[in-house]
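Report on the following structure.
In the working numbering, the protein residues as written are 961 to 1285.
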């Protein structure tokens, strides 16, 4: 790996950029820090959405206008693809960028520009950053060095693959996946990916139904395709750029059935919570009414409940109903 040397002023800017991004000031805070050492007059963060495979302008400042298709046009340039391979900032106006520069930048007064691909430290690509100025001397070699150094930090600004969720809402020990209403799956920030949820196609429909409901959260038990019971929680969350899209988190962890319940007893509890009578439960589960009555006697004893109303309240509060996926 090439050694990167920064001056004290640039080292301070490097530190401040990290502080601003970590503190959730995002692009504006990071750019304020960079403007202390670079004569920036305009910037644009372009995000890559892995769910759609497309780029789009995420946030910009200083531009009179940013064309909606400019991002997709730029990332198709051979010169940018080479910059992606080398992960080195690309000077606007360099061979292969002239036409783009003339079309999108020169008409608005820009004479100097720098574009850098943004990769997280682990190597995942999240988008790009355009920097523009009217002074051709604004982007020196030292500036390119600084931008290279801070690009892994700035990559977090354009990371659309994760969803935004209050960390208080998701207990530790759960794996999770997030979905928007259209069924696009995304990762949940700082939470391991649930391979079980990701492998179940019907989870997207469950998320959509939950998003359309008036519920703030939901709990339940899920019997996955391998026969493993899992404790599941659904939470509302924002997904996409800055959490602007309404979505849902489905979190799960393997579990044993609580209160020494059997799988059949969980199904009976679920039907009781739906308001079914004993004959309705018997018909739905292909059991005799007497067998349903016996199951309910065992359930009442295990859960310490004396009525169907109390049983329903406890089952919904503690997530004892089966989620049919």
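From the three backbone atoms N, C-alpha and C, an ideal C-beta is built for every residue, glycine too. Being a predicted model, the structure only gives us computed values, none of them experimental.
Residues in the same chain with beta-carbon distance under 6 Å from residue i, minus the five sequence neighbours each way, listed in chain order, please.
i	result
residue 1035	1015
residue 1199	1123, 1138, 1140, 1146, 1205, 1207
residue 988	none
residue 1061	1052, 1053
residue 1179	1193, 1279
residue 1168	1141
residue 1225	1255, 1259
residue 1099	1072, 1074
residue 1031	1006, 1015, 1016, 1017
residue 1154	1135, 1136, 1137, 1212
residue 998	1103
residue 1110	974, 977
Could you tell me how far apart the beta carbons of residue i and residue j are, in whole angstroms, since I believe they sit closer than 8 Å?
i	j	result
residue 902	residue 1191	This structure cannot settle anything about residue 902, because the visible part of the chain is limited to 961 through 1285.
residue 1075	residue 1044	Contact doesn't hold; Cβ gap of about 11 Å is too wide.
residue 1120	residue 1285	With 8 Å as the limit, residue 1120 and residue 1285 do not qualify as a contact, their Cβ atoms being about 26 Å apart.
residue 1049	residue 1104	5 Å
residue 1212	residue 1157	6 Å
residue 1118	residue 1008	7 Å
residue 1164	residue 1143	4 Å
residue 977	residue 1116	Wrong, their Cβ atoms sit about 11 Å apart, outside the cutoff.
residue 1170	residue 1151	Incorrect: roughly 18 Å between the Cβ atoms, too far for contact.
residue 1037	residue 1057	6 Å
Whose CA, out of the options, lies closest to the CA of residue i?
i	options	result
residue 1181	1247, 1221, 1159	1221
residue 1002	1285, 1093, 1104, 1142	1093
residue 1112	1161, 1212, 1079, 1099	1079
residue 1114	1125, 1157, 1038, 994	994
residue 1214	1185, 1253, 979, 1058	1185
residue 1262	1188, 1217, 1100, 1249	1217
residue 970	1189, 1098, 1106	1106
residue 1148	1133, 1131, 1160, 1125	1125
residue 1197	1223, 1241, 1172	1172
residue 1244	1257, 1227, 1253	1227
residue 1162	997, 986, 1133, 1210	1210
residue 1187	1108, 1223, 1170, 1067	1223
residue 1230	1183, 1269, 1282	1282
residue 996	1183, 1109, 973	973
residue 1176	1109, 1195, 1110	1195
residue 1265	1238, 1246, 1065, 1219	1219
residue 1069	1083, 1095, 1081	1095
Per DSSP, which residues does residue i bridge with? Please list them.
i	result
residue 1196	1208
residue 1009	1014
residue 1020	1004
residue 1075	1050, 1090
residue 1214	1190
residue 1238	Residue 1238 is not bridged to any residue.
residue 1282	1181
Cutting at 7 Å between CB atoms, please list the residues of its own chain near residue i, excluding the five before and the five after it.
i	result
residue 1276	1233
residue 1004	1017, 1020, 1023, 1026, 1090
residue 1077	1043, 1044, 1047, 1085, 1088
residue 961	Bear in mind that the predicted position of residue 961 carries a pLDDT of just 42, short of 50, making it too unreliable to give a figure here.
residue 1081	1112
Step through the CB atoms of chain C and report whether any lies within less than 7 Å of the CB of residue i.
i	result
residue 1046	Of the protein chains in the structure, only one exists, and it is not chain C.
So is the beta-carbon of residue i under 6 Å away from any non-hydrogen atom of the ligand GTP?
i	result
residue 1017	The ligand content of the structure shown is nil, which means the ligand GTP is not present either.
Take residue i and list the residues in its own chain whose beta-carbon comes closer than 8 Å to its own, dropping the five residues that flank it on each side.
i	result
residue 1273	none
residue 1242	1248, 1249, 1251, 1252
residue 1055	1039
residue 1000	991, 994, 1022, 1091, 1092, 1093, 1098
residue 1238	1249, 1252, 1253, 1256
residue 1063	none
residue 1108	964, 1047, 1048, 1049, 1076
Exercise. Hey, which unbroken runs of the beta strand (DSSP E) at 3 residues or more fall wholly within the stretch 1084-1154?
Worked result: You should have 1085-1093, 1122-1124, 1135-1140, 1145-1148.
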